[in-house]
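Working notes for the structure below.
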Amino acid sequence: MNVLVAGGAGYIGSHTAKALAAAGYTPVVFDSLEKGHEDAVRWGPLIKADLADRDALRRVFAGYSIEGVIHFAAYIAVGESMKEPVRYFRNNVANTLNLLEAMVAAGVRSIVFSSTAAVYGDPETVPIAEDHPYRPVSAYGETKLMVERMLAWFDTCHGIASARLRYFNAAGADPDGETGEDHEPETHLVPLALAAAAGKRAHLDLFGTDYPTPDGTCIRDYIHVTDLAHAHVLALKHLQRSSQSFTANLGTGSGFSVREVLRAVERVVGRPVPVVEKSRREGDPASLVADSTRARELLGWTPTHSSIDEIVATAWRWYSRAR
Ligand code: UDP
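Numbering (the working numbering), first residue to last: 5 to 327.
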């Protein structure tokens with residue numbers, strides 16, 4: 005059974021392509037390679053094209069018998085979205101409309117969408133459940149919320165069932181070492197801390213030590229990318245079984261401070277992480293932790309790779325591979 009994976013050459017997309025193949029699906033990757041990596045496409049064909057290209061979309065649905073779609077293709081840098089909102093709304097929102105248009109034309113009735121905890125903005129209550137108010141504090145978060153809302157209308161108007169999966173902090177790498185995280189530029193804590201421990205960067209900037217948390221640094225819910233990938237397969241199966249749209253948070257329900265993550269990096273690498281304490285990064289809430297009860301109950305999903313040490317150890321193995 006063919007599944008179109010838009011953005012399947014990227015970080016979470018490539019792990020999901022692997023999980024799809026393990027579950028007996030063929031991931032048909034549709035990726036412009038603007039951000040994705042050709043060598044991360046290993047479990048099915050690659051169509052090198054952009055979601056802006058409506059003809060390419062029509063062709064892929066005509067050429068493959070596509071049973072469902074998983075959509076990762078988007079720009080993801082929060083800071084950049086505040087400087088260049090046009091690019092973010094065009095790519096993340098308008099281009100998703102092209103994908104939905106092609107799905108309607110081809111009669112494809114299920115889509116799993118890569119959403120984010122950024123739709124909530126500064127949390128009023130932690131852990132955060134799906135009915136928490138939506139107040140994104142970045143253009144990036146707004147683009148994801150807009151797509152979630154579009155998806156609800158495509159269910160009403162065209163019977164397309166959607167799973168809106170709101171990730172907390174994706175981290176780690178494939179335990180078999182076949183794919184991992186390669187962002188350019190890198191902005192995420194775990195790979196930057198590994199680079200600092202490895203001596204590839206002079207130090208890690210620690211953004212904010214005066215938060216109202218036990219050690220003064222931000223708390224996040226780190227979820228292993230392989231656990232995220234598995235949730236996408238379960239979500240697709242759920243849609244195909246029930247045709248019922250749903251929204252679900254994906255996190256572990258446990259928070260770790262930046263300092264706790266740095267200690268895990270030091271344990272795994274066996275070297276200190278040189279740190280320079282900086283002021284807060286704009287837009288960072290003090291604490292983001294998921295209530296993932298819905299994903300557990302609806303999908304039967306349980307994270308199995310998401311201890312902080314396994315997250316860091318798999319990321320380190322990927323980081324230190326022969327390049
Ligand atoms: N962070 C940091 N230094 C960095 C990158 C991140 O102190 O160089 C902190 C950041 O402030 C946040 C946490 O690490 O509290 C996770 O940030 P990341 O960018 O990995 O993910 P985000 O929470 O923005 O999705």
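Each residue gets a CB set at the ideal place from its N, CA and C atoms; glycine is no exception.
Only a predicted model underlies this, so the values are computations on that prediction, with no experimental measurement involved.
I believe residue i touches residue j by the beta-carbon criterion, under 8 angstroms. Please report the beta-carbon distance rounded to the nearest angstrom.
| i | j | result |
| --- | --- | --- |
| leucine 210 | valine 279 | 5 angstroms |
| alanine 10 | threonine 183 | Going by Cβ atoms, the distance from alanine 10 to threonine 183 rounds to 17 angstroms, so no, they are not a contact pair. |
| isoleucine 70 | threonine 20 | Actually they do not touch by this definition, with Cβ atoms about 15 angstroms apart. |
| histidine 136 | aspartate 231 | Contact doesn't hold; Cβ gap of about 22 angstroms is too wide. |
| leucine 104 | phenylalanine 34 | Actually they are not in contact, since the Cβ atoms of leucine 104 and phenylalanine 34 sit about 14 angstroms apart, beyond 8 angstroms. |
| threonine 251 | glutamate 134 | 5 angstroms |
| glycine 14 | phenylalanine 93 | Rounded, the Cβ-Cβ distance is 20 angstroms, inconsistent with contact. |
| alanine 27 | valine 272 | Actually they are not in contact, since the Cβ atoms of alanine 27 and valine 272 sit about 30 angstroms apart, beyond 8 angstroms. |
Verify whether the separation of the beta carbon atoms of residue i and residue j is less than 8 angstroms.
| i | j | result |
| --- | --- | --- |
| glutamate 270 | valine 277 | yes |
| asparagine 253 | alanine 319 | no |
| valine 229 | glycine 176 | yes |
| proline 31 | valine 7 | yes |
| glutamate 185 | tryptophan 47 | no |
| alanine 201 | arginine 275 | yes |
| lysine 22 | alanine 235 | no |
| serine 283 | alanine 156 | no |
Below 7 angstroms CB to CB, which residues in the same chain sit around residue i once its five sequence neighbours on both sides are set aside?
| i | result |
| --- | --- |
| asparagine 95 | Ala78, Tyr79 |
| arginine 263 | Asp219, Thr221 |
| alanine 239 | Val116, Ala167, Leu169, Leu303 |
| glutamate 190 | Leu196 |
| threonine 217 | Ile223, Ser261, Ala290, Ser291 |
| glycine 259 | Ile223, Arg224, Asp225, Ser291, Val293 |
With a CB to CB cut of under 8 angstroms and the five nearest residues on each side skipped, what residues in its chain are close to residue i?
| i | result |
| --- | --- |
| aspartate 126 | Arg139, Val141, Pro289 |
| serine 247 | Arg113, Ser114, Gly163, Ala165 |
| tyrosine 82 | First, the residue type needs correcting, since residue 82 is valine and not tyrosine in the sequence shown. Excluding sequence neighbours, valine 82 sits near Ala122, Ser142, Tyr144, Gly145, Gly287. |
| glutamate 188 | Lys39 |
| isoleucine 132 | Ala121, Tyr124, Asn253, Leu292, Val293, Ala294, Asp295 |
| threonine 297 | Ala133 |
Please report the straight-line C-alpha distance between residue i and residue j, rounded to a whole angstrom.
| i | j | result |
| --- | --- | --- |
| isoleucine 86 | valine 123 | Note that residue 86 is methionine in the sequence shown here, rather than isoleucine. Cα-Cα distance, rounded: 15 angstroms. |
| glutamate 146 | glycine 17 | 21 angstroms |
| valine 130 | tyrosine 215 | 15 angstroms |
| histidine 192 | arginine 224 | 12 angstroms |
| threonine 213 | proline 307 | 29 angstroms |
| arginine 398 | alanine 199 | Since the first residue shown for the chain is 5 and the last is 327, residue 398 is missing from the structure and cannot be characterised. |
| arginine 205 | leucine 24 | 35 angstroms |
| serine 395 | glycine 72 | As displayed, the chain neither begins before 5 nor continues past 327, which places residue 395 out of reach and without an answer. |
| aspartate 37 | proline 49 | Contrary to the premise, residue 37 reads as leucine rather than aspartate in this sequence. Taking the straight line from one Cα to the other gives about 14 angstroms. |
| isoleucine 227 | glycine 257 | 9 angstroms |
| methionine 107 | leucine 61 | 9 angstroms |
| glycine 67 | histidine 207 | 49 angstroms |
| alanine 174 | threonine 160 | 31 angstroms |
| arginine 317 | tyrosine 171 | The residue asked about is misnamed: residue 317 is alanine in this sequence, not arginine. If I take the Cα positions, the gap works out to 21 angstroms. |
| serine 324 | glutamate 281 | 26 angstroms |
| glutamate 88 | methionine 5 | 38 angstroms |
| glycine 111 | proline 179 | 36 angstroms |
| glutamate 42 | serine 118 | 20 angstroms |
| histidine 242 | tryptophan 305 | 11 angstroms |
| glycine 12 | tyrosine 29 | 14 angstroms |
| glutamate 84 | glycine 203 | 27 angstroms |
Return the chain-ordered list of same chain residues with a C-beta closer than 6 angstroms to the C-beta of residue i, the five sequence neighbours on each side being excluded.
| i | result |
| --- | --- |
| arginine 245 | none |
| valine 194 | Ala175, Ala319 |
| glycine 255 | Phe172, Asp225, Ile227, Ala294, Ser296 |
| isoleucine 51 | Phe34, Val64 |
Quiz item: Is the number of C-beta pairs between the stretch 301-318 and the stretch 151-164 that are closer than 8 angstroms three or more?
Solution: no
Self-check item: Inter-stretch contact (C-beta, 8 angstroms, three-pair minimum) for the stretch 43-56 and the stretch 99-111
Solution: yes
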